[in-house]
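Residue 8 is where the sequence shown starts when you use my numbering, and the numbers rise one by one after that.
Shown next, in structure tokens, is the structure this report addresses.
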Amino acid sequence: MMSKISSPPRGRQQKQSATNKKLSKSSRAWVQRQLNDPYVAEAQKLGYRSRAAFKIIQLDEKCGLFRPGMTVVDLGAAPGGWSQIAAAKKCKVIAMDLLEIQPLSGVEFIQGDFSEEEVQKKLLEMIGGRKVDLVMSDIAPNTTGHHDTDHMRIMALAEEGFYFAQEVLAEGGAFVCKLFQGGASGDLLQPLKQSFAKVRHIKPPASRKDSSELYLVATGFRSGPI
8 MMSKISSPPR GRQQKQSATN KKLSKSSRAW VQRQLNDPYV AEAQKLGYRS
58 RAAFKIIQLD EKCGLFRPGM TVVDLGAAPG GWSQIAAAKK CKVIAMDLLE
108 IQPLSGVEFI QGDFSEEEVQ KKLLEMIGGR KVDLVMSDIA PNTTGHHDTD
158 HMRIMALAEE GFYFAQEVLA EGGAFVCKLF QGGASGDLLQ PLKQSFAKVR
208 HIKPPASRKD SSELYLVATG FRSGPI
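Given below as structure tokens:
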């Protein structure tokens, strides 16, 4: 026998309706999508900082990114979903972001722009001048809706991440970053293939079907001049 689902009090319904009316059409669509997203619900259930945690879990399952004891740098880490998973995998994690992140067990945090020299000095101090095993970035620019403009913006972020990774990665290390549909262009793809043994474009199941995002996963870093 099915139990009867009670309706919320009328006052609450009116409040929700009034709130929805204040939202823009795109905001209402976002709220509805979040409510219907199983990854959002599961992230909340498991205590993950964001649904993005499932993306790095799935990338790790496919590519074997994490090993206990390795050093991981998470660029643009807020709110901390990726760092949270890396720490759970027993990695030493250093998260970097312009935004402050609420403390996470097993994660050290540097607030600032990873491309700035002072921020990089702080990182080197934290790791004692040693190299790191994985640089990962889920950074995305604010989108304009114009395909070419958005592609150029995220490519610029990916290039900055790649240049940073070249400076800090140990031999055999890996680099992961977000891109939009179309993947890495030739200007970035060629040096990536010269610097890493394997370069792949992957769209994990947790990426929404209507999203143009995918991830570049480069493994087997080779140091030295390109």
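Think of the CB as a built atom: it goes at the ideal place given N, C-alpha and C, for glycine as much as any other residue.
Is L105 buried or exposed, if buried means 16 or more other CB atoms sit within 10 Å of its CB?
exposed
Give a yes or no on whether the C-beta atoms belonging to F187 and I161 are separated by under 8 angstroms.
yes
From which residue to which residue does the alpha helix (DSSP H) around L66 run?
60 to 70
Compare the beta carbon distance of E115 and M143 with 8 angstroms and say whether it is the shorter of the two.
no
G193 versus Y222: straight-line alpha-carbon distance, rounded:
16 angstroms
Does DSSP put S144 in a helix, a strand or coil?
strand
Name the DSSP beta bridge partners of Y222, please?
K185, I209
Helix, strand or coil at A50 according to DSSP, with G and I counted as helix:
helix
Output needed for I117: all residues of its chain with C-beta closer than 7 angstroms, excluding positions within five of it in sequence on either side, in chain order.
I101, M103, V126, K129, L130
Between L195 and A165, which are expected to be in contact by the criterion C-beta below 8 angstroms, what is the C-beta distance as a whole number of angstroms?
6 angstroms
Within the region 77 to 164, note down every full alpha helix (DSSP H) run reaching 4 residues or more, in order along the chain.
88 to 95, 124 to 133
Proximity below 8 angstroms, CB of A225 to CB of A163
no
Pair every Cβ in the region 74 to 81 with every Cβ in the region 148 to 159, then say whether three or more of these pairs are closer than 8 angstroms.
no
Have a look at I92 and V183 and give me their C-alpha separation to the nearest angstrom.
14 angstroms
Can you tell me whether DSSP reads G193 as helix, strand or coil?
helix
Taking just the CA atoms, how far does F73 sit from K99?
10 angstroms
Tell me which residues share the same chain as K69 and place their Cβ nearer than 7 angstroms to its Cβ, disregarding the 5 neighbours each side in the sequence.
I209
Three-state secondary structure assigned by DSSP to P75:
coil
Quick test of your reading: S122 and E167, contact by CB under 8 angstroms. State the CB separation rounded to the nearest angstrom.
5 angstroms
Does the beta-carbon of L141 have 16 or more other beta-carbons within 10 angstroms, so that it is buried, or is it exposed?
buried
Buried or exposed for A252, going by 16 or more other Cβ atoms inside 10 Å?
Here the chain comprises residues numbered 8 to 233, so residue 252 is not present and cannot be evaluated.
Are P212 and Q65 close, meaning C-beta to C-beta below 8 angstroms?
yes
Measure the alpha-carbon distance for T156 versus D120 and round it to whole angstroms.
22 angstroms
What does L176 pair with, by DSSP beta-bridge criteria?
V139
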